[in-house]
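**Q** Its first residue numbered 1, the sequence shown is counted upward by one per residue in this note's numbering.
We put the beta carbon where it would ideally sit given N, CA and C, even for glycine.
Got a structure for you, written out below as structure tokens; questions coming shortly.
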Amino acid sequence: MLPVAPFGPDAAFIPGRRAPVAFATRDIEPWSAKKLNRVAVISMKITVLFPELPFRAEWIFPRTADAIPRAGYVDSLITRPLVEKLTSAAPWDTLVTTPVDPVSFRGDVRGRLGVFVRAFWDFASKHRVAIWEGTHRFPISRNQLQGSTWLSNFNKQRGNRRSHAGRAWKRVLVILVLAIQDG
């Protein structure tokens, strides 16, 4: 049984819920209009949403300036002591310790959307290091990786964190799809 639509037909509030809709690319970024325009929300699978996610820094923090030329990059600053100093400060903790007002909806929502909100906050808390690294990544050259076992291990762990966060994010998106389907 579908929930009662309190404000009117659900199609007016959830475009594409029952039948595919032609979305403008700018309205559904980062997802592909080509993919989403072929499927109704109630029949959507997670594979429609997931390939473009989990983290592309430019979607969260759009670039407003030109990219810094690679020639200006000083890779000699990427050393074990400096990376350890950076990571020991745990800059990613600001993601859970800095109070912010919700941008899109309250945190005390009920139903499946509430399950999604709680799952999202749980995800953000558990994977804050990977989220932070996704927006503050610094390259480590091949020569540095070959010359330092520590940097090589650090880089591997960074990739593993991203991979684990990606799998967890996919589980959160499943809940979001179900919440959207519920209306």
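Would a C-beta distance cut-off of 8 angstroms place Val117 and Val109 closer than the cut-off?
**A** Closer than 8 angstroms, so yes.
**Q** Just the Cα atoms here: how many angstroms apart are Leu77 and Phe154?
**A** Those two C-alpha atoms are separated by around 15 angstroms.
**Q** Where does Leu2 land, buried or exposed, given buried means 16+ other C-beta within 10 angstroms?
**A** Low confidence applies here, because Leu2 scores a pLDDT of 49, under 50, leaving its location unreliable and the question unanswered by this model.
**Q** Which residues in the same chain have their Cβ closer than 7 angstroms to the Cβ of Ala19, if we skip the five residues on either side of it in sequence?
**A** Around Ala19: Ala40.
**Q** Closer than 7 angstroms by C-beta to Pro54: which residues in its own chain qualify, once you throw out the five before and the five after it? Chain order, please.
**A** Any reading at Pro54 must be qualified, since the residue scores a pLDDT of 48, below 50, and its modelled position is unreliable; no value is offered.
**Q** What is the rounded straight-line gap between the Cα of Val172 and the Cα of Lys34?
**A** One C-alpha to the other measures close to 23 angstroms.
**Q** If I measure Cβ to Cβ from Leu178 and keep anything under 6 angstroms in the same chain, skipping five residues before and after, which residues do I get?
**A** Result list for Leu178: Arg112, in chain order.
**Q** Within the continuous alpha helix (DSSP H) that includes Ser163, where are the two ends?
**A** Unbroken alpha helix (DSSP H) run through Ser163: 149-182.
**Q** Just verifying my parser: in three-state terms, what is the DSSP assignment at Asp108?
**A** Correct three-state label for Asp108: coil.
**Q** Please name the residue in Glu84, Trp92, Ala22 whose C-alpha comes closest to that of Lys126.
**A** The shortest C-alpha separation from Lys126 is found at Trp92.
**Q** Taking its Cβ as the centre, do 16 or more other Cβ atoms sit within 10 Å of Val74, making it buried, or is it exposed?
**A** Exposed: under 16 other Cβ atoms inside 10 Å.
**Q** If you reduce the DSSP assignment to three classes, tell me which class Arg80 lands in.
**A** Helix at Arg80.
**Q** Let me know the secondary structure DSSP gives Ala33 once reduced to three states.
**A** Three-state result, Ala33: helix.
**Q** Which one of Thr135, Leu145, Arg137, Ala130 has the shortest CA to CA distance from Arg162?
**A** Taking only the C-alpha atoms, the option nearest Arg162 is Ala130.
**Q** Below 8 angstroms between beta carbons: does that hold for Ala124 and Ile175?
**A** For Ala124 and Ile175, no; Cβs fall outside 8 angstroms.
**Q** Would the beta-carbon of Arg80 fall within 8 angstroms of that of Trp132?
**A** Not a contact, by the Cβ cut-off of 8 angstroms.
**Q** Nearest chain B C-beta to Ile175 closer than 8 angstroms, yes or no?
**A** As a matter of chain content, chain B is missing from the structure shown, which is built from one protein chain.
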